[in-house]
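S.K.:
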Amino acid sequence: MYSEDLDQRLSSELRGDLQRAVLLWMHDSIRRDATMVGQALRGTIVNLRIATEVLCSRTPSQIQQLKPVYRSMFGAYVENDIKRQASGYHKKLMLAYVVTPRHEDPEVDAMMVETDAKALFKAGEKWLGTDEKTFIRIFSERSRAHLAAVNSAYRSTYGKPLTKAVKKKTSGNFEFALLTILRCADNPGKYFAKALHKAVNGWGPWGKDDTTIARIIVTRAEIDMQDIKAEYIKKHGKPLHDAIHSATLRTMFGNDREFLLSLLGPNY
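Given below as structure tokens:
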């Protein structure tokens, strides 16, 4: 009751980006994720990219916790909303990814890693066509540690990272989902540092993307923001805090910007 009353008060007193960011920040991490996926799949404007990024960047335990919360918030199963909004191989991958149990142990089976690397080469770059079912099976059934090892084995055996094969042989939301799964298996901090760099530098047709900046900061602040900041400065030679401050000077109000910067923590 208290939380609902506070939500209503903040909704009436705040506006725009700050309202959305603060209301999202008030929730625990699982409810935040459920909120974003629900808004992306059930909103007036469906945004499959956001739903895909949230689900494909989360651990198996986070996804399993999200599903009942999603059901209680929206009165629907997330699987059914994916079926309704997604299509093709993207839909098949997303459904498999949210329903298939995967262990989170760091140990991997070296023989299975080699087998999967060979299977993915055969399914993709070896032939003219693409065996999407093999990509879906391996990417939805294997642990993060296993997929990271497969990526390394693929590079060692075939002289290029698995991400290159995914880009070459797939496209659209299916490609985006595969790349998100693989990159977050390998290094989630690096993945989100790259996503923030794109957002603050205006890559793409819409220029700077304040919505993506806010979404990533709010959802990763309590999880791996220090890793993201370290990856950002290693790659780009400047603190993430400075990059976001400069990028949002003309696009965000002062309070909006200061709230997000406060979630980043110390400026280094």
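Residues 21 to 288 in my numbering are what the sequence shown lists, from first letter to last. Heads up, the beta-carbon is just placed ideally off N, CA and C, and yes, glycines get one too.
Within 10 angstroms of its Cβ, does R104 collect 16 or more other Cβ (buried), or is it exposed?
M.R.: Taking the first residue of the sequence shown as position 1, residue 104 is located at position 84. Counting Cβ neighbours within 10 Å, R104 comes out exposed, since fewer than 16 surround it.
S.K.: Rounding to the nearest angstrom, what Cα-Cα distance links L75 and R203 in this structure?
M.R.: The count along the sequence shown starts at 1 and reaches residue 75 at position 55. The count along the sequence shown starts at 1 and reaches residue 203 at position 183. Cα to Cα, the separation comes out at about 13 Å.
S.K.: For A185 and G222, which I take to be in contact (beta-carbon distance under 8 Å), what is that distance rounded to the nearest angstrom?
M.R.: The residue you call residue 185 lines up with position 165 of the sequence shown. The residue you call residue 222 lines up with position 202 of the sequence shown. A185 to G222, Cβ: 29 Å. No contact.
S.K.: Once you ignore the five residues that flank D206 on each side, which residues in its own chain have a CB closer than 7 Å to its CB?
M.R.: Working through the sequence shown from its first residue, we reach residue 206 at position 186. Once the five neighbours on either side are set aside, the close Cβ partners of D206 are A168 and N171.
S.K.: Would you say E73 faces chain D, with C-beta separation under 7 Å as the test?
M.R.: Annotation note: the requested chain D is absent from the structure, which comprises a single protein chain.
S.K.: Would you kindly report the start and end of the unbroken alpha helix (DSSP H) that includes K87?
M.R.: Reading the sequence shown from its first residue, position 67 is the one you call residue 87. Element bounds for K87: P80 to F94.
S.K.: Leaving out five residues before and five after G285 in sequence, what residues of the same chain have Cβ atoms less than 6 Å from its Cβ?
M.R.: Translated into positions along the sequence shown, residue 285 becomes position 265. Same-chain partners within the cutoff: there are none.
S.K.: Contact between the segment 92-101 and the segment 48-66 is defined here as three or more beta-carbon pairs at a separation below 8 Å; is this criterion met?
M.R.: Cβ pair count under 8 Å is three or more, so yes.
S.K.: If distances are taken between C-alpha atoms only, which option among D125, A130 and T154 comes closest to A139?
M.R.: As a working note, residue 139 is residue 119 in the sequence shown. Checking every option, the nearest Cα to that of A139 belongs to T154.
S.K.: In three-state terms, what does DSSP make of T72?
M.R.: The residue labelled residue 72 in the question sits at position 52 within the sequence shown. Helix.
S.K.: Could you work out which residue in I243, A263 and K254 is closest to D229 when comparing CA atoms only?
M.R.: The residue you call residue 229 lines up with position 209 of the sequence shown. Checked all of I243, A263 and K254; the closest Cα to D229 is A263.
S.K.: Between the alpha carbons of W226 and T268, how many angstroms are there, rounded?
M.R.: Translated into the one-based positions of the sequence shown, residue 226 becomes position 206. Translated into the one-based positions of the sequence shown, residue 268 becomes position 248. With a pLDDT of only 48 at W226, under 50, the local geometry of the prediction cannot be trusted, and no value is derived from it.
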